[in-house]
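A short worksheet on the structure shown next.
There are 4 protein chains.
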Amino acid sequence: MPPATAQIAALRAALANTSRPAIAMAAHNPLTAKLAHEAGFSAIWVSGFELSASYAVPDASILPVSTHLETTRAMGEVQPLPLIADLDTGYGNAVNLTYVVRQYEAAGAAAIVIEDNVFPKESSLRAGPAGAKRKLAGIAEFQGKIAAAKAASSVLVIARTEALIAGYGEAEALERAAAWAEAGADAVLIHSKAKTPDEVVSFCRKWDGRVPVVIIPTNYPQLGFKEAGELGKVGLVICGNHTVRTVVEAVRKTYKKILEEGGIEGVEGDIASVQEVFKLQGDGEMREIEKKFVR
Amino acid sequence: MPPATAQIAALRAALANTSRPAIAMAAHNPLTAKLAHEAGFSAIWVSGFELSASYAVPDASILPVSTHLETTRAMGEVQPLPLIADLDTGYGNAVNLTYVVRQYEAAGAAAIVIEDNVFPKESSLRAGPAGAKRKLAGIAEFQGKIAAAKAASSVLVIARTEALIAGYGEAEALERAAAWAEAGADAVLIHSKAKTPDEVVSFCRKWDGRVPVVIIPTNYPQLGFKEAGELGKVGLVICGNHTVRTVVEAVRKTYKKILEEGGIEGVEGDIASVQEVFKLQGDGEMREIEKKFVR
Amino acid sequence: MPPATAQIAALRAALANTSRPAIAMAAHNPLTAKLAHEAGFSAIWVSGFELSASYAVPDASILPVSTHLETTRAMGEVQPLPLIADLDTGYGNAVNLTYVVRQYEAAGAAAIVIEDNVFPKESSLRAGPAGAKRKLAGIAEFQGKIAAAKAASSVLVIARTEALIAGYGEAEALERAAAWAEAGADAVLIHSKAKTPDEVVSFCRKWDGRVPVVIIPTNYPQLGFKEAGELGKVGLVICGNHTVRTVVEAVRKTYKKILEEGGIEGVEGDIASVQEVFKLQGDGEMREIEKKFVR
Amino acid sequence: MPPATAQIAALRAALANTSRPAIAMAAHNPLTAKLAHEAGFSAIWVSGFELSASYAVPDASILPVSTHLETTRAMGEVQPLPLIADLDTGYGNAVNLTYVVRQYEAAGAAAIVIEDNVFPKESSLRAGPAGAKRKLAGIAEFQGKIAAAKAASSVLVIARTEALIAGYGEAEALERAAAWAEAGADAVLIHSKAKTPDEVVSFCRKWDGRVPVVIIPTNYPQLGFKEAGELGKVGLVICGNHTVRTVVEAVRKTYKKILEEGGIEGVEGDIASVQEVFKLQGDGEMREIEKKFVR
Ligand SMILES: [Mg+2]
Ligand SMILES: [Mg+2]
Ligand SMILES: [Mg+2]
Ligand SMILES: [Mg+2]
Chain P
75 MPPATAQIAA
85 LRAALANTSR
95 PAIAMAAHNP
105 LTAKLAHEAG
115 FSAIWVSGFE
125 LSASYAVPDA
135 SILPVSTHLE
145 TTRAMGEVQP
155 LPLIADLDTG
165 YGNAVNLTYV
175 VRQYEAAGAA
185 AIVIEDNVFP
195 KESSLRAGPA
205 GAKRKLAGIA
215 EFQGKIAAAK
225 AASSVLVIAR
235 TEALIAGYGE
245 AEALERAAAW
255 AEAGADAVLI
265 HSKAKTPDEV
275 VSFCRKWDGR
285 VPVVIIPTNY
295 PQLGFKEAGE
305 LGKVGLVICG
315 NHTVRTVVEA
325 VRKTYKKILE
335 EGGIEGVEGD
345 IASVQEVFKL
355 QGDGEMREIE
365 KKFVR
Chain F
75 MPPATAQIAA
85 LRAALANTSR
95 PAIAMAAHNP
105 LTAKLAHEAG
115 FSAIWVSGFE
125 LSASYAVPDA
135 SILPVSTHLE
145 TTRAMGEVQP
155 LPLIADLDTG
165 YGNAVNLTYV
175 VRQYEAAGAA
185 AIVIEDNVFP
195 KESSLRAGPA
205 GAKRKLAGIA
215 EFQGKIAAAK
225 AASSVLVIAR
235 TEALIAGYGE
245 AEALERAAAW
255 AEAGADAVLI
265 HSKAKTPDEV
275 VSFCRKWDGR
285 VPVVIIPTNY
295 PQLGFKEAGE
305 LGKVGLVICG
315 NHTVRTVVEA
325 VRKTYKKILE
335 EGGIEGVEGD
345 IASVQEVFKL
355 QGDGEMREIE
365 KKFVR
Chain R
75 MPPATAQIAA
85 LRAALANTSR
95 PAIAMAAHNP
105 LTAKLAHEAG
115 FSAIWVSGFE
125 LSASYAVPDA
135 SILPVSTHLE
145 TTRAMGEVQP
155 LPLIADLDTG
165 YGNAVNLTYV
175 VRQYEAAGAA
185 AIVIEDNVFP
195 KESSLRAGPA
205 GAKRKLAGIA
215 EFQGKIAAAK
225 AASSVLVIAR
235 TEALIAGYGE
245 AEALERAAAW
255 AEAGADAVLI
265 HSKAKTPDEV
275 VSFCRKWDGR
285 VPVVIIPTNY
295 PQLGFKEAGE
305 LGKVGLVICG
315 NHTVRTVVEA
325 VRKTYKKILE
335 EGGIEGVEGD
345 IASVQEVFKL
355 QGDGEMREIE
365 KKFVR
Chain Y
75 MPPATAQIAA
85 LRAALANTSR
95 PAIAMAAHNP
105 LTAKLAHEAG
115 FSAIWVSGFE
125 LSASYAVPDA
135 SILPVSTHLE
145 TTRAMGEVQP
155 LPLIADLDTG
165 YGNAVNLTYV
175 VRQYEAAGAA
185 AIVIEDNVFP
195 KESSLRAGPA
205 GAKRKLAGIA
215 EFQGKIAAAK
225 AASSVLVIAR
235 TEALIAGYGE
245 AEALERAAAW
255 AEAGADAVLI
265 HSKAKTPDEV
275 VSFCRKWDGR
285 VPVVIIPTNY
295 PQLGFKEAGE
305 LGKVGLVICG
315 NHTVRTVVEA
325 VRKTYKKILE
335 EGGIEGVEGD
345 IASVQEVFKL
355 QGDGEMREIE
365 KKFVR
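Protein chains in written order, with the numbering used here: chain P, 75 to 369; chain F, 75 to 369; chain R, 75 to 369; chain Y, 75 to 369.
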């Protein structure tokens, strides 16, 4: 049994409940994953964008898979939510993905997401060259990757299509989503960077629902979680980048204030106490181990 | 020449200017290091406490040195400030430290800090058992480690004493600081968890100034940077944990709001835009490389 | 259930069969682990000495735990034998060991070995200063570590005493072994660097057999596996360093021959073919994945 | 200045001496790199094939770049020869390579080799499907990668063409080699898996010599180092896989003997002593540090 058997089952059940989608929060380190659990989210999105941003490098296949894998593992060590691992294009072909997905299963992932971009990927939300369609993976090729991932492990496989973002239109998006489901995907992620929910809403209306839909509404935040549920097709909403965006803004403010005021006293009221951080570090459990075993 | 030759020189000069101490900010990943540079700090404190907190584990020799070393290296890849690496007790004896300090030099560190705690360390600010003095390293032993680190590399060695925190009093603190300077330390870090600056102020008054003093005023934030400068002995003030404390507070707020409001629209005004994050990831440089070399 | 449940059970059974001890071979990378499985050994000794030697650094707490942990994990990915992880002194106190042993369990280890040396350790077989007894961990302290490791995971805990090597004599060795068993150790490893088996034979005769004994007969190779079985107490014999020693000798010969002959033709008959290496790399399984899934 | 400035200069000079090519030996860990230095080779080939084999996985873009990068760094820490890093297809496009080559420079590499295979690569010597030509990177695309690598760092860039192996013939091989040189490559690697040196000899005769040629004569070992020099074009001969092939054969023999004889006594004469291994681990230097600094 994979280490995350319980989380896989929980996530599978959550995805199936399309009248009330599960909400996953993006995290880029174990601390933020633990905070997401504490807050009440249902899953962690181990986001390639967030992780790349935390290293201050582009989300463009620059960090090695090992960095993402170890982050996933470390998140599982400190909190119990299902981990949904963002594998980008899958780190190669079906062979490479076979090796990789086994490692994610062993690391405690409950699901992986692979996308039909071409390696090396670039961030979906990045402005591309005007008028040019981004190239996508072939349908048969990507189906092979989905099937390989399913054959290699028990983790859920969420297959993402960039057809809308890459400019191929709704028909292509629907065809690809259907092909992903046919190949064994447990859910399909339809990505859109339209400024309104219309694209995604229309897709959901036409989607036959054979597997649940996953969305990442960064660019169309008007679509609330309840409205997503009313579409009847969405099993999971991913908040894709709100942790690192929060960090950037808040850290900038603290830094500015400290330097302007010439000291650290003024920020005390704005930030968590050291004791709060100790608690998040598991100081309580450490004290119990000390009491029992440090002699 | 070590990769951080310029940073070593800059930090050495900054430490010498005890009328206007340099200010270092704690960071736990390359992104926050880059933000600290952007804000105008003079150095990055590659804090063991912050890094442990970002992994949600106690600051108690639990993370392997490799995690800290790779974080240091990654910080140097994305911003130019001197990196001051928190090596805790030095990861073993003088032999181990020799191996470790060479790796930090190669990773681009400008300085290391070692402390006279006993391995495995625990966080200095953690409440200890009432009435018990924490054990410290022997003076000769610790001098050997300082000398070994100096002999092994060109990075600055900042030697920290926990004499005040461990309950041995000011005389012991002064004796240890003098012993560290005698052994070759480039600066001494006097750590205090008193709730007022008195301990540190008194120490500075009695310190003969043969090498600069470094302080981490977490518990006595009343001491501003200007006041620290007026002591005439302090070359560096380290803001020891304000990044991760900011993160905890701000991330908790965002998460709460998203779940309470049932959507991500409401936090948009509170957090950085995706475009802002792209910029911090070096999207501009990536576009230049693309234009020149991707054919 | 830990990932290595089957291996834990197999190793436990093998240890119990003290009339015919299991034989473990030291390995320093997944390839040599796979070769040990192919040859017919019963377990892999993930040796700190071998691993350090493969990095050309002393076996003296210099490699970070992460390097050893990742090696253990990678060995488990490519062959099915139980992995016995050499944890040296346990990477800290009972708290640190608690964190570490959980990670080894997740990495697929079937057993860990911890030794009563003091951190930072040095290689047991290294010549020490004449006349000086090496310091050992206190009995209660080490019992706490054993108990902590048992409480933290399901992997077998093999507790090693260096009492003979450190010069404290047989009575101390027996007392420590008994204390380790009392604290919950699944087996005790009695280490000796005597040039004959006498020390270990005498220890085994006096040992009451409440848990099996493990030996590493590097310095007393006269003791064959059959003779070890005849002692009736030994559940496991570890070949502690024969892989890396083989590598050094053989690689030196190949290198010398190539340079002396001025070409690579002459060594062809002495070394494995490229096709043999392909097989060990799992080329067969890769071809099957390709056939099924690469489209 | 890059950390390997001296090694870069030495390798550049060696490459230029085409009447007496430098000889590089493949290594897969720091120990074998150190043995190659000891034996008298001129450079270390940080071979992807050897490293993959040491992990018992196919040489097919399965190991993450971080594993290879860290191996390169660790090799540089223990021996002084120039390190020639096998970067396969460059881990992505010109952007990715830019990031990667900077990291190799910081890790102490003297040169990188990139090949015009398509990601994910497979081993050049592996039997492909009958009658099918392996796809290669476009010429302009690969030139962009060479130029990007040159712009990003000071390490030497050796550009490899698989035109012969992929079945495109000599004219294509010459055209590609010329294009690589034009784009800034410091040397071109012409790879062949013919069973005789004819292909490579013919290539060298027609090559105008504007930059030196590098060869890996695994499949045509008849070509000695002296004969390679007589071609007047070859600056470097790489022994591409002889270390791991030696290891497989020798380790198999030792394992077999130990199990057949039922003990470790019989192999003592065949393998290096523990003392020999201590020496290779730098025990001598460790003792000096101990004497000076461990108090
Ligand atoms: Mg992503
Ligand atoms: Mg610290
Ligand atoms: Mg050992
Ligand atoms: Mg290769």
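Backbone N, C-alpha and C define an ideal beta-carbon position, used for all residues, glycine too.
- Taking a cut-off of 8 angstroms on C-beta distances, the stretch 279-286 of chain F touches the stretch 249-262 of chain F, as three or more cross pairs fall below it.
- For residue 367 of chain F, the Cβ stays outside the 6 angstroms cut-off from all heavy atoms of ligand 4.
- Nearest CB-CB separation between residue 214 of chain R and chain P: below the 7 angstroms threshold.
- Remark: fewer than three beta-carbon pairs, one from each stretch, lie closer than 8 angstroms, so the stretch 108-128 of chain F and the stretch 214-230 of chain F are not flagged as touching.
- With contact defined as three or more Cβ pairs closer than 8 angstroms, the stretch 157-165 of chain R and the stretch 186-196 of chain R are in contact.
- With a threshold of 7 angstroms between beta carbons, residue 287 of chain R makes no contact with chain Y.
- With a cut-off of 8 angstroms on Cβ pairs, the stretch 327-345 of chain P is not in contact with the stretch 118-135 of chain P, counting fewer than three such pairs.
- For residue 114 of chain R, not one C-beta of chain F is nearer than 7 angstroms to its own C-beta.
- When DSSP states are grouped into helix, strand and coil, residue 339 of chain Y belongs to the coil group.
- Within chain P, no C-beta atom comes less than 9 angstroms from the C-beta of residue 123 of chain Y; the nearest is roughly 16 angstroms away.
- Taking a Cβ-Cβ cut-off of 9 angstroms, residue 367 of chain Y has no neighbours in chain P, whose nearest Cβ is about 29 angstroms from it.
- Inter-residue distance for residue 357 of chain Y and residue 128 of chain R is about 14 angstroms (C-alpha atoms, whole angstroms).
- Per the C-alpha coordinates, the member of F:354, F:198, F:77, F:338 positioned closest to residue 313 of chain P is F:338.
- Per DSSP, the unbroken alpha helix (DSSP H) holding residue 149 of chain R starts and ends at 139-152.
- Taking CB atoms only, residue 360 of chain F has a neighbour in chain Y less than 7 angstroms away.
- A buried status is given to residue 170 of chain Y, since no fewer than 16 other beta-carbon atoms sit within 10 Å of its beta-carbon.
- Taken in chain order, the complete alpha helix (DSSP H) segments of 4 residues or longer contained in the stretch 92-118 of chain R are 104-113.
- Relative to ligand 2, residue 160 of chain F has its C-beta within less than 6 angstroms of a heavy atom.
- By the neighbour-count criterion, in which 16 or more other beta carbons inside 10 Å mark a residue as buried, residue 196 of chain Y falls on the buried side.
- Taking 6 angstroms as the cut-off, one finds no heavy atom of ligand 1 near enough to the beta carbon of residue 164 of chain P.
- By the 16-neighbour rule on beta-carbons within 10 angstroms, residue 296 of chain R is exposed.
- In the pairwise beta carbon analysis, the stretch 95-107 of chain F is classified as not touching the stretch 80-96 of chain P: fewer than three pairs are separated by under 8 angstroms.
- Here the stretch 266-274 of chain F lies against the stretch 293-308 of chain F, with 3 or more beta-carbon pairs under 8 angstroms apart.
- For residue 155 of chain P, the closest Cβ of chain F is not nearer than 7 angstroms.
- Excluding sequence positions up to five before and after residue 155 of chain R, its CB lies within less than 6 angstroms of the CB of 111, 117, 118, all in the same chain and listed in chain order.
- At least one CB of chain P lies nearer than 7 angstroms to the CB of residue 136 of chain Y.
- Not one heavy atom of ligand 2 lies closer than 6 angstroms to the C-beta of residue 193 of chain F.
- With respect to the C-alpha of residue 321 of chain R, the residue from Y:86, Y:107, Y:311, Y:173 having the closest C-alpha is Y:107.
- Rounded to the nearest whole angstrom, the CA to CA distance from residue 148 of chain R to residue 215 of chain R is 32 angstroms.
- Residue-level contact by beta carbon fails for residue 272 of chain R and chain Y, as no gap is shorter than 7 angstroms.
- For residue 122 of chain F, the CB falls within less than 6 angstroms of some heavy atom of ligand 2.
- Among the residues facing chain F, residue 167 of chain Y is included, as its CB has a counterpart in that chain under 7 angstroms away.
- For residue 257 of chain Y, the CB contacts under 7 angstroms within the same chain, skipping 5 residues up- and downstream, are 217, 220, 221 in chain order.
- Judged by DSSP secondary structure, residue 363 of chain P falls within the alpha helix (DSSP H) whose first and last residues are 357-367.
- Annotated as proximal: residue 179 of chain P and residue 227 of chain P, with beta-carbon spacing under 7 angstroms.
- Within the model, the alpha-carbon separation for residue 103 of chain F versus residue 103 of chain P is close to 10 angstroms.
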